[in-house]
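>
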Amino acid sequence: LQAYLAEFPVRHGVEPSEHMHEGAEFFHVIEGSVIIRYQDEEHLMETGDSVYFDSSAPHSYQAAGELTARAIVITTPPRV
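Mapping the sequence shown onto my numbering, position 14 (from 1) lands on 115, and the numbers just tick up by one.
1) Do Pro159 and Gly124 come within 8 Å of each other at the CB atom, strictly closer than that value?
2) Keeping to the same chain, check which residues put their C-beta closer than 7 Å to that of His129; ignore five residues upstream and five downstream.
3) Give every residue of the same chain whose Cβ lies closer than 6 Å to the Cβ of Tyr105, excluding the five residues on either side of it in the sequence, and list them in chain order.
4) Determine the closest residue to Ala164 out of Phe154, Ile137 and Gly149, with distance taken between C-alpha atoms.
5) What would DSSP say about Val111, mapped onto helix, strand or coil?
6) So, are the CB atoms of Gly166 and Gly114 less than 8 Å apart?
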């Protein structure tokens, strides 16, 4: 497992770039709001919300609102 604290500053007018990687990802918002784009759908995540997904599909993150958002992100290596 790889875990890290991610910060998402407010960036008006900037589209987040999608990325992907093998394995799975767990994402837990600890402060603020984040929009996660996954499989061409946007999901608003608020403080305390969590999601687990296959990270081999394109996904991106973007702060929602007027404050920097923070989240704990945990990724797993691909299953063998």
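Just so it is clear, CB atoms sit at the ideal spot from N, CA and C, and this is done for glycine as well.
Just so we're clear, the structure is a prediction, and the values are computed from it rather than from any experiment.
Here's the rundown:
1) By 1-based counting over the sequence shown, the position of residue 124 is 23. By 1-based counting over the sequence shown, the position of residue 159 is 58. Judged by beta-carbon spacing, Pro159 lies beyond the 8 Å limit of Gly124, meaning their Cβ atoms are not closer than that value.
2) Residue numbering aside, residue 129 sits at position 28 when the sequence shown is read from its first letter. Cβ within range, chain order: Ser151, Ala172 and Ile173.
3) For the purposes of this step, residue 105 is taken as the residue at position 4 of the sequence shown. The residues are Val174.
4) For the purposes of this step, residue 164 is taken as residue 63 along the sequence shown, with counting starting at 1. Of the listed residues, the one whose Cα sits closest to Ala164 is Ile137.
5) The count along the sequence shown starts at 1 and reaches residue 111 at position 10. Coil at Val111, not helix or strand.
6) Mapped onto the sequence shown, residue 166 falls at position 65. Mapped onto the sequence shown, residue 114 falls at position 13. Taking 8 Å as the Cβ cut-off, Gly166 and Gly114 do not qualify as a contacting pair.
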